[in-house]
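Counting in our numbering, the sequence shown runs from -18 upward without gaps. Input: a single structure, listed below in structure tokens.
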Amino acid sequence: MRNGERDKADGVVGLARETADALGQLTVQHLRLARLEIKADLRTMGLRAGLIAVLAALATVGYGLTMAGLAIILDGGSKGGIPLLAIGIVHVVGAGVGILVVVYRLRRLRLMNATADEVNQSLAPLGIGTAAKSTPGRASHGNGANP
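As structure tokens, this is what we get:
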């Protein structure tokens, strides 16, 4: 082999080695991002689960107050049970609405959103992943076939 051909072969091997190293570093960075995002998502989900538990306890107290007020009203017809009944109903309804709002927010939470976006952006130039399929300017076919 002549020197020019050897230099060219070494250059290609060097470029391939640099590309492999860069892909390895990119993978490590994606894994670090995923780990950080999992921690943040778990923290968010834990806080919301804790809020649901507190609201469920509040609903339970409200239910108890409602039943006590109802029992007093049914027992003697006394007006002393009306405030208990009203406060209990407010607690049950308020906690129920709160739980519905928190559950709705939990369902809307996209787990590992940033990591998925970054991976798709990294794979798009290679023609791999969902980002490559949804790039602007590409024709979209209903059957999923590529043009």
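Note that CB positions come from ideal geometry on N, CA and C, so glycine has one too.
> Is DSSP giving residue 13 helix, strand or coil here?
Replying inline: Position 32 of the sequence shown holds residue 13. Residue 13 falls in the helix class under three-state DSSP.
> Going by C-alpha distance, which of 12, 26, 14 is nearest residue 83?
Replying inline: For the purposes of this step, residue 83 is taken as the residue at position 102 of the sequence shown. Nearest C-alpha to residue 83: 26.
>> Helix, strand or coil, according to DSSP, for residue 59 in the structure here?
In response: Within the sequence shown, numbered from 1, the residue matching residue 59 stands at position 78. Coil at residue 59, not helix or strand.
> Can you give, in chain order, each stretch of the beta strand (DSSP E) that sits fully within the segment 53 to 98 and has at least 3 residues?
Replying inline: You should have found no qualifying run.
> residue 5 by DSSP, collapsed to three states: which one?
Replying inline: Position 24 of the sequence shown, counted from the start, is the residue given in the question as residue 5. Reduced to three states, the DSSP call for residue 5 is helix.
> So, are the CB atoms of residue 92 and residue 65 less than 9 Å apart?
Replying inline: Stepping through the sequence shown from its first residue, residue 92 is reached at position 111. Stepping through the sequence shown from its first residue, residue 65 is reached at position 84. Going by C-beta atoms, residue 92 is not nearer than 9 Å to residue 65.
> Under the three-state reduction of DSSP, which class applies to residue -5: helix, strand or coil?
Replying inline: The count along the sequence shown starts at 1 and reaches residue -5 at position 14. The DSSP-derived three-state label of residue -5 is helix.
>> Could you tell me the alpha carbon to alpha carbon distance between residue 68 and residue 85, rounded to whole angstroms?
In response: The residue labelled residue 68 in the question sits at position 87 within the sequence shown. The residue labelled residue 85 in the question sits at position 104 within the sequence shown. One C-alpha to the other measures close to 26 Å.
> So what does DSSP say about residue 109, is it helix, strand or coil?
Replying inline: Working through the sequence shown from its first residue, we reach residue 109 at position 128. Three-state result, residue 109: coil.
>> Within a Cβ cutoff of 8 Å, which residues of the same chain sit near residue 80, ignoring the five residues on either side of it in sequence?
In response: Against the sequence shown, residue 80 aligns to sequence position 99. Cβ-Cβ distances below 8 Å link residue 80 to 33, 36, 37, 40 in the same chain, with the five nearest sequence neighbours on each side left out; the list follows chain order.
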